Amino acid sequence: MKKNSFGRQLFVALFIIFVFLFSAETSNACSCAVSQAVNLAYQQTPNIVVLRVQSVEKYQEGEPNPNGSLSKQSKLIVEKVYKGNLKIGQELTFGQGVCCICIWGFSEEMIGQDYLFYLSEKPDKDGVWYGSVCSRSNSVKNASADLLYLEKIEKVRGKTRLSGILQQDIKSYVEGEDSDYKRLANKTVRVVGMGKNLKLKTDENGVFEIYELSAGKYRIIPEKIRGYTFWNEDGFRVIEIKDGSHTEANFIYEIDNSISGKFIDVAGKPLKNVCLNLVSVSGKKLPYNFKLDCTDENGRFKIDEIPTGTYVIIVNDDGKITAEEPFGTFYYPNTTKIENAAKITIGAGDFFSDFVITAPDSFETITISGVVSFEKGRIPTKENYEYVSVEFVADESENKLVNGKTDYNSRTIVDETGRFTIRILKGQKGKLFGEMMGFTGEYENCPKLDKLFREVKDESNSTVKTNSIEVEAVNEMNGVELKFPFPSCKKAKI
Numbered sequence: 014m015k016k017n018s019f020g021r022q023l024f025v026a027l028f029i030i031f032v033f034l035f036s037a038e039t040s041n042a043c044s045c046a047v048s049q050a051v052n053l054a055y056q057q058t059p060n061i062v063v064l065r066v067q068s069v070e071k072y073q074e075g076e077p078n079p080n081g082s083l084s085k086q087s088k089l090i091v092e093k094v095y096k097g098n099l100k101i102g103q104e105l106t107f108g109q110g111v112c113c114i115c116i117w118g119f120s121e122e123m124i125g126q127d128y129l130f131y132l133s134e135k136p137d138k139d140g141v142w143y144g145s146v147c148s149r150s151n152s153v154k155n156a157s158a159d160l161l162y163l164e165k166i167e168k169v170r171g172k173t174r175l176s177g178i179l180q181q182d183i184k185s186y187v188e189g190e191d192s193d194y195k196r197l198a199n200k201t202v203r204v205v206g207m208g209k210n211l212k213l214k215t216d217e218n219g220v221f222e223i224y225e226l227s228a229g230k231y232r233i234i235p236e237k238i239r240g241y242t243f244w245n246e247d248g249f250r251v252i253e254i255k256d257g258s259h260t261e262a263n264f265i266y267e268i269d270n271s272i273s274g275k276f277i278d279v280a281g282k283p284l285k286n287v288c289l290n291l292v293s294v295s296g297k298k299l300p301y302n303f304k305l306d307c308t309d310e311n312g313r314f315k316i317d318e319i320p321t322g323t324y325v326i327i328v329n330d331d332g333k334i335t336a337e338e339p340f341g342t343f344y345y346p347n348t349t350k351i352e353n354a355a356k357i358t359i360g361a362g363d364f365f366s367d368f369v370i371t372a373p374d375s376f377e378t379i380t381i382s383g384v385v386s387f388e389k390g391r392i393p394t395k396e397n398y399e400y401v402s403v404e405f406v407a408d409e410s411e412n413k414l415v416n417g418k419t420d421y422n423s424r425t426i427v428d429e430t431g432r433f434t435i436r437i438l439k440g441q442k443g444k445l446f447g448e449m450m451g452f453t454g455e456y457e458n459c460p461k462l463d464k465l466f467r468e469v470k471d472e473s474n475s476t477v478k479t480n481s482i483e484v485e486a487v488n489e490m491n492g493v494e495l496k497f498p499f500p501s502c503k504k505a506k507i
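If you're matching positions, the sequence shown starts at 14 in this note's numbering and goes up one per residue.
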């Protein structure tokens, strides 16, 4: 994965979202609305039971599995009935969990585990049950708040309820170590509002609850824990209680720490868009988990929310020589061997901010600066440059690879006034041009631009270009002007 120019951090964010969606317990990537409260789920669900996974029938090697299912089918035994006509000891057949259609699936690792299921009135015509991922169904371990209500439903039915869960996000970035959520017992949660200032305690499952609060707005304030912060950075939530309703306020604590510093070249000049990764020394990192940051225009970087452990810092991890990273892979402080790298041990509440990392011997670069403009017309506004970048494409006939890992092309985004600065590996020849993404009709009264967009074959990702300039990267170049062949236009209201 190359971090050339500004695209890497966006790619990282999207990649993390992708991994999250495909790592759910059921291995189904689903986009679900927030589940209804447990009291409503109880009213509207025909069967609510605890089931134990008895057996799982797997697909055989080489057998077609077009949906990417965890299993063909599974047998589950009814352990407890909260509502419905199912009987304790009854065996239910569950169909395959199908990727991307929000159906629960089971794996061999789940055999013997208990699950709380909210089920339909009856199975399908073949006698097979299906559990929706987009319901309150969950493992018994993670359904403790629901079970707390269901166990005493005859006493509390119809009463107003406030409940929530406090849990700690325990991440791992090393193979063989599982990420998990730790329920936090015996923690204080304050409920403030409507003339009340109450203190609740979480139970052994991290659950707090209170019944019969007066209707109105309340502030829910969980206990602070040193070295941890909340996904909700305010550290509290404001909720509204309504008569007879259930309201949930869950909190997740995540580790609070960071490693930060500055990256400079041998002359002491800060370098932008240099990417640094943390690598754990305790084992091989998981392929989809990483901690990284890329330097800003002042050479600053910051890596935070780091799982407790010992790490080394690696720079330019793929070793590709570029204008932004004109050096090979190395480890902090300045070594090509991981065994000689400085070891950094970090835990919750640790903040290291004085790292200064100096680039090793580097290939020379030159800087080109200038402005991207439009044909005569109105003065361009910030929105005109929203999707404008400048790119240098090297002449392939002039390129000579370094260890087979050199990228002579460079790319940068323009600022809100159209100005740009781009670095190029010294000695390269190629073309420099500006580029803007968009689509037909995005700008008002802009026929020239619309015509150019229409001429692009892929209108879903249309780009138009400025004039190009032949460049030989020998000396610094200032005052370069790249001009689009159409006037600046106002964004249309879409």
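Ideal placement from N, C-alpha and C gives every residue a C-beta, glycine not left out.
Computed from a predicted structure; not experimentally measured.
Measuring CA to CA, which of the options is closest to residue i?
i, options, result
"valine 51", "Glu222, Glu396 and Glu483", "Glu222"
"methionine 450", "Gly443, Gln441 and Val427", "Val427"
"isoleucine 238", "Gly274, Asn155, Glu455 and Asn270", "Asn270"
"serine 148", "Tyr162, Leu129 and Val94", "Leu129"
"glutamate 455", "Phe446, Asn151 and Thr476", "Thr476"
"glutamate 165", "Asn218, Met123, Thr215 and Tyr224", "The sequence shown places lysine at residue 165, rather than the glutamate named in the question. For lysine 165, the nearest C-alpha among the options comes from Tyr224."
"lysine 214", "Arg196, Lys230, Ser227 and Ala228", "Arg196"
"lysine 230", "Ala158, Ser192, Lys506 and Ile254", "Ile254"
"alanine 280", "Cys115, Asp330, Ala361 and Thr371", "Thr371"
"leucine 211", "Asn151, Leu160 and Arg232", "Arg232"
"proline 346", "Ile359, Gly360 and Val328", "Val328"
"phenylalanine 365", "Asp330, Phe314, Asp139 and Ile116", "Phe314"
"proline 339", "Lys96, Lys418 and Glu310", "Lys418"
"aspartate 374", "Thr342, Ile178 and Phe303", "Thr342"
"methionine 207", "Asn199, Ile252 and Gly492", "Ile252"
"arginine 432", "Ala486, Lys395 and Cys288", "Lys395"
"alanine 158", "Lys275, Gly177, Tyr143 and Gln67", "Gly177"
"isoleucine 334", "Thr308, Asp306, Thr378 and Val292", "Thr378"
"isoleucine 404", "Leu445, Val469 and Asn311", "With the sequence shown as reference, residue 404 is identified as glutamate, and isoleucine is not the correct amino acid for it. Checking every option, the nearest Cα to that of glutamate 404 belongs to Leu445."
"glutamine 73", "Phe497, Lys85, Val484 and Thr106", "Lys85"
Residue i by DSSP, collapsed to three states: which one?
i, result
"asparagine 60", "strand"
"glutamate 38", "Reliability of the predicted coordinates at glutamate 38 is poor, the pLDDT of 42 falling under 50, and no value is obtained from them."
"glutamate 382", "The question names glutamate, yet the displayed sequence has serine at residue 382. Three-state result, serine 382: strand."
"aspartate 463", "helix"
"tyrosine 162", "helix"
"methionine 207", "coil"
"lysine 506", "coil"
"valine 91", "strand"
"leucine 284", "coil"
"tyrosine 131", "strand"
"valine 51", "helix"
"valine 6", "Outside the displayed span of the chain (14 to 507) sits residue 6, for which this structure offers no information."
"lysine 168", "helix"
"serine 410", "helix"
"asparagine 397", "helix"
"phenylalanine 499", "strand"
"glutamate 121", "helix"
"asparagine 491", "strand"
"glutamate 104", "strand"
"alanine 26", "In this prediction, alanine 26 has a pLDDT of 39, which is less than 50 and means its spatial position is unreliable; what the coordinates show is noted afterwards. Note: alanine 26 maps to helix in three-state DSSP."
"cysteine 113", "With a pLDDT of 49 at cysteine 113, under the threshold of 50, the predicted position of this residue should be treated as unreliable, though the coordinate-derived value follows. In the structure shown, cysteine 113 sits in coil (DSSP, three-state: anything other than H, G, I, E or B)."
Going by the beta-carbon positions, is the gap between residue i and residue j smaller than 7 angstroms?
i, j, result
"isoleucine 2", "alanine 336", "Nothing can be reported for residue 2: it is not among the residues displayed for the chain, which extend from 14 to 507."
"glycine 118", "valine 141", "no"
"isoleucine 124", "glutamate 104", "no"
"glycine 440", "aspartate 408", "no"
"glycine 240", "glycine 332", "no"
"tyrosine 324", "isoleucine 357", "yes"
"glutamate 267", "glycine 383", "no"
"threonine 479", "phenylalanine 466", "no"
"isoleucine 381", "isoleucine 326", "no"
"tyrosine 162", "glutamine 180", "no"
"valine 69", "serine 87", "yes"
"asparagine 265", "aspartate 182", "What sits at residue 265 in the sequence shown is isoleucine, not asparagine. Going by C-beta atoms, isoleucine 265 is nearer than 7 angstroms to aspartate 182."
"serine 152", "glycine 144", "no"
"glutamate 310", "lysine 275", "no"
"aspartate 127", "arginine 170", "no"
At a Cβ threshold of 7 angstroms, is residue i touching chain C?
i, result
"isoleucine 234", "Judged by its chain identifiers, the structure shown contains no chain C, having just a single protein chain."
Complete alpha helix (DSSP H) runs within the segment 415-447 (minimum length 4 residues, chain order): none
How about the segment 131-139 and the segment 179-199: do they share at least three Cβ pairs that are nearer than 8 angstroms? no
contact_flag[the segment 491-507, the segment 388-397] where n(CB pairs < 8 angstroms) is 3 or more: yes
Contact between the segment 304-320 and the segment 342-351 (3+ Cβ pairs under 8 angstroms): no
Just to confirm the assignment: which complete alpha helix (DSSP H) runs, minimum length 4, are found wholly within the segment 333-380? none
Taking the runs of the beta strand (DSSP E) that are 3 residues or longer, which of them lie wholly in the segment 170-255? 174-183, 193-196, 201-206, 209-214, 220-224, 229-235, 241-243 and 250-254, all fully within the segment 170-255.
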